[in-house]
Amino acid sequence: MKQQNANQITWRSIILGILLSLPHGYFSIQTPTPTTVSLIYTAVLTILLLVLVNILIKHQAPKIAFRQSELLTIYTMLSLSVAISGHDVLQVLAPVIGHAFWFASPENDWGGQFLHHLPSWLVVSDLQILEGLYVGESTFYSGSKLKAWLTPVFWWSILLFALMLVMIGLNILISQQWIRNERLSYPIIQLPLAITEDGGQLKFFRSKLLLFGIIVSGGIDLINGLHAFFPVVPLLPIRTIEVGQLFT
Numbered sequence: 002m003k004q005q006n007a008n009q010i011t012w013r014s015i016i017l018g019i020l021l022s023l024p025h026g027y028f029s030i031q032t033p034t035p036t037t038v039s040l041i042y043t044a045v046l047t048i049l050l051l052v053l054v055n056i057l058i059k060h061q062a063p064k065i066a067f068r069q070s071e072l073l074t075i076y077t078m079l080s081l082s083v084a085i086s087g088h089d090v091l092q093v094l095a096p097v098i099g100h101a102f103w104f105a106s107p108e109n110d111w112g113g114q115f116l117h118h119l120p121s122w123l124v125v126s127d128l129q130i131l132e133g134l135y136v137g138e139s140t141f142y143s144g145s146k147l148k149a150w151l152t153p154v155f156w157w158s159i160l161l162f163a164l165m166l167v168m169i170g171l172n173i174l175i176s177q178q179w180i181r182n183e184r185l186s187y188p189i190i191q192l193p194l195a196i197t198e199d200g201g202q203l204k205f206f207r208s209k210l211l212l213f214g215i216i217v218s219g220g221i222d223l224i225n226g227l228h229a230f231f232p233v234v235p236l237l238p239i240r241t242i243e244v245g246q247l248f249t
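Positions in the sequence shown are counted from 1; adding 1 to them yields my numbering.
In C-alpha cells form, the structure reads like this:
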C-alpha cells in the first residue's frame, strides 16, 4: 500500500474545505466584520472545533484522522473564501452594483451626468429589481431577479478571479525573498500551526499561557460587551499599542 506524504494536500481536505466554506461564510457575515483583521477569528474558531473532533477520531480510528497539512489546507480555504465574501469585498461590492441607479434623483442629476456611461453588463439598473435589495421584505430567488443579476455577477466574478491570480502571483514572486533571505516569522500563522500540530493535541488546550490569554482577553471583551447592554457595568478602557515593528 502506498504511503501518503505527510505534507500532501488530499482530496478529502479540499472537499471538506469547500463544504465548510459555505456555512463558515454565512456565519462570518453575521458577526462583527471578522475579515477586517489579519487573523480571521471565525476561521480559527472553525479549525479549533475541527481539531477537537479530530482528537476524538485519533483515539477511535487513528488511520483516518486528519494530518496537520490537511487541517491547514482547510484553514487556508476558509480564510481565503471568507476574505472574498466578507466585509471588504462582496459585502461592499453587491450594493455598489446598483447604488448609482437606486440613489439617482432629479436633484443630483446622476442620470444626466454619468449613468449613461456605466456599462449595462456591469450594473443592475432596474429599480424594481433593486427594491428587494435596498428595501427588503423580498426574496432573491425569483426568475426575474436572478436573470438581472446574472450578467453583472459573471463579469465581476471574472475581475475578482483575476485579482486573486495577481495576488497569488505576487506572493510567488516575493515568497523566496521573504522566506529564505529575510526569514520573516509570519506571526499570523503561528496560532493555526500550534492548534493543528500533529493533527491536534490535548496538551495545546492545557497550556497555562493559552488559558491565561483567553481569560484576560475574553474577560475584558465580556465585561465591555456587558457594558454596551448594561451601562451600570464598568467599562475597561483599552488603548491600542502598535507592535508591528517587533515582527519586522
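We treat Cβ as the ideally placed atom computed from N, Cα and C, and that holds for glycine. As the structure is a prediction and not an experimental result, all values here were calculated from the model.
V69 classed as buried or exposed, judged by whether at least 16 other C-beta atoms fall within 10 angstroms: Residue 69 is actually Gln in this sequence, not Val. Label assigned to Q69: buried.
Close Cβ partners of G133 (< 8 Å) along its chain, the five nearest in sequence each way excluded: The residues are S139, T140, F141 and K146.
Three-state class that DSSP yields for F206 in the structure shown: The answer is helix: DSSP assigns F206 an H, G or I state.
Nearest to I98 (by Cα), restricted to the options V83, L128 and S106: The residue with the shortest Cα to Cα distance from I98 is L128.
Burial state of L247 (16 or more Cβ within 10 Å): Of the other Cβ atoms in all chains shown, fewer than 16 fall within 10 Å of the Cβ of L247; this residue is therefore exposed.
Secondary structure of E71, DSSP reduced to three states: The three-state secondary structure of E71, taken from DSSP, is helix.
Nearest-angstrom Cβ-Cβ length linking P153 and V124, presumed shorter than 8 Å: Yes, they are in contact, since the Cβ atoms of P153 and V124 sit about 6 Å apart, within 8 Å.
Exposed unless 16 or more other CB atoms sit within 10 angstroms - verdict on F104: With fewer than 16 other Cβ atoms within 10 Å, it is exposed.
Neighbourhood of H228 by C-beta distance below 6 Å, restricted to the same chain and skipping five residues each side: So the qualifying residues of the chain are V234 and L236.
Burial state of F155, where buried means 16 or more other Cβ atoms lie within 10 Å: Answer is exposed; the Cβ neighbour count stays below 16.
I189 versus W122, I19, A44 and V217, residue with shortest Cα-Cα distance: Residue nearest to I189 within the set W122, I19, A44 and V217 is A44 (criterion: CA-CA distance).
Neighbour-count burial assignment, P193, 16 or more Cβ in a 10 Å radius: The residue is buried, with at least 16 neighbouring Cβ atoms inside 10 Å.
Candidates L73, I30, Q61 and L50, of which the one nearest D199 by Cα: Measuring from the Cα of D199, the nearest candidate turns out to be L73.
Alpha-carbon spacing of F67 relative to S208, whole angstroms: In this structure, the straight-line span from the alpha carbon of F67 to that of S208 is close to 22 Å.
With 16 other Cβ atoms within 10 Å as the buried cut-off, status of Y187: So Y187 ends up on the exposed side.
9 Å Cβ cutoff met for I41 and V83: In this structure, I41 lies near V83, with their beta-carbon atoms less than 9 Å apart.
Touch test, the region 85 to 94 against the region 28 to 35, Cβ-Cβ under 8 Å, three pairs minimum: Counting Cβ pairs under 8 Å, three or more are found: they touch.
Buried versus exposed call for P238 [16 or more other C-beta atoms within 10 Å across all chains shown]: That one is exposed.
H88 (DSSP reduced to helix, strand or coil): In the three-state DSSP reduction, H88 falls in the coil class, being neither helix nor strand.
Any alpha helix (DSSP H) of 4 or more consecutive residues that is wholly inside the region 187 to 246: Taking only runs of at least 4 residues, the alpha helix (DSSP H) segments lying wholly in the region 187 to 246 are 191 to 197, 203 to 206 and 209 to 230.
Continuous alpha helix (DSSP H) stretch holding F155: start and end: Element bounds for F155: G144 to Q177.
Beta carbon of L116 nearer than 9 Å to that of S126: Pairing L116 with S126 gives a Cβ-Cβ distance under 9 Å.
7 Å CB neighbourhood of L131 in its chain, flanking five on each side removed: For L131, the CB contacts under 7 Å within the same chain, skipping 5 residues up- and downstream, are G99, F102, W103 and V125 in chain order.
Boundaries of the alpha helix (DSSP H) in which A105 is found, first to last residue: Unbroken run through A105: none, as it is neither H nor E.
Neighbour flag for V93 against chain D, beta carbons, 9 Å: The chain labelled as chain D is not found in the depicted structure, where only one protein chain is given.
Three-state secondary structure assigned by DSSP to L21: Looking at L21 - three-state DSSP - the assignment turns out to be helix.
Three-state class that DSSP yields for N55 in the structure shown: For N55, the secondary structure class from DSSP, reduced to helix, strand or coil, is helix.
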